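Structure record follows, encoded as structure tokens.
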Amino acid sequence: MPKKIHGLGRGLDSLFPEMEETGSGIQEISAGELDPNPDQPRRTFEDESIAQLSESIRNQGILQPLLVVPTAGGRYRIIAGERRFRAARMAGMETLPCIVKDIDVISQMEIALIENLQREDLNPMEAAKGIQALMKQCGYTQEKVSARLGKSRPAVANLLRMLTLPDEITEMVRDGLLTAGHARVLAGLGSREEQIRLGKAAAEQGMSVRELERLAAASKTREAKPARPRKRAELPAELNELQDKIRVKTGLKSVLTGSVSKGKIVLQYSSRDELERFNEVLDLISE
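For the sequence shown, this note's numbering begins at 24 and goes up steadily by one.
Encoded structure:
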């Protein structure tokens, strides 16, 4: 009994259970007729990783065929296997083993995302953006995405929350300075400034996720603690008397702060009538 393709994850097997390693389904296609997928979730391909895969392909060949769909002009678009395609080109291969299938656009997106999500080195920001694109273009809910990708709903929700982070943080995650765990902790902070401050500190000091969680918890406590109102200094008796006199003469609420030698008087009105009355008082003073 022929074996199913391994390495693409149970998600692909469930979408296309009939895909097999042997038989007429596999074709040798010229490398020049293959095009990368413009909707590929993975945007970064590490040169060292591709070089290592290329060396393996030189020695053992491509053990797992690429999955492609036919396009106009007799060409093919790679849906799963772009890393193998890049490494094979580096190894100088002229043809590559491929499985050609007619797949609708939604399934193409699912397959491309599933293959990459099954790889541990997929950047979490790329995974988050891939899931977001799948939801927008396919109209999927988080529950639907969870079922299709074989991930828990909390895992999907946590990935999507990272997209709300400031660019400074997402760049650090993309560059490997912070992990997805760090990003989840920072996403729970309400202040953008605090997210950036703690994110930079975690990256510079090499904090663990647990250490960052403690700092984030302390930050939330400070944010939640109401500011204690400043106690107004007691006025000397003569200034208290003056404050009352101003209130009586102007008809406005007056607040006097400071000392006998230096201070400030603030008058407050709460209606047009009070303002007009104060204007009349000023006219009387000026006469």
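Beta carbons: idealized from backbone N, C-alpha and C, even for Gly.
Please read these numbers as outputs of a predicted model, since none were measured by experiment.
Whose CA, out of Arg245, Val271, Thr280, lies closest to the CA of Asp260?
As written in the sequence, residue 260 is Ala, which differs from the Asp given in the question. Ala260 has its Cα closest to that of Thr280, out of Arg245, Val271, Thr280.
Close-in-space but distant-in-sequence residues of the same chain around Arg215 (CB under 8 Å, 5 per side omitted):
Closer than 8 Å at the Cβ level, and outside the excluded window around Arg215, lie Pro189.
Could you check how far apart the C-beta atoms of Ile137 and Val92 are, in whole angstroms? I think they sit under 8 Å.
About 15 Å separates the two Cβ atoms, so there is no contact after all.
Mind pulling the beta strand (DSSP E) runs of 3 or more residues that sit fully within the region 67 to 118?
Entirely contained in the region 67 to 118, the beta strand (DSSP E) runs reaching 3 residues are, in chain order, 89 to 94, 98 to 103.
Rounded separation between Gly115 and Pro61 - CA only:
Whole-angstrom Cα-Cα distance: 23 Å.
Should Ala239 be labelled buried (16 or more other beta-carbon atoms within 10 Å of its own) or exposed?
Residue burial is scored here from C-beta neighbours: Ala239 has at least 16 other C-beta atoms within 10 angstroms and is therefore classed as buried.
Between which two residues does the beta strand (DSSP E) holding Gly274 run?
Neither: Gly274 is in no beta strand (DSSP E) and is coded neither H nor E.
Could you check whether Ala54 and Arg112 sit closer than 8 Å to each other, using their CB atoms as the reference points?
The beta carbons of Arg112 and Ala54 sit closer together than 8 Å.
Helix or strand or just coil, what does DSSP make of Ser47?
Reliability of the predicted coordinates at Ser47 is poor, the pLDDT of 44 falling under 50, and no value is obtained from them.
From the DSSP output, in three-state form, read off Thr244 for me.
Collapsing the DSSP output to three states places Thr244 in a helix.
How far does the alpha helix (DSSP H) with Val179 in it reach, from first residue to last?
Bounds of the alpha helix (DSSP H) holding Val179 are 176 to 184.
Who are Cys121's beta bridge partners in DSSP?
Cys121 is bridged to Gln50, Leu89.
Between the region 265 to 275 and the region 229 to 239, do three or more beta carbon pairs fall short of 8 Å?
At 8 Å Cβ cutoff, the stretches do not touch.
Nearest-angstrom Cα distance between Glu194 and Leu86?
If I take the Cα positions, the gap works out to 34 Å.
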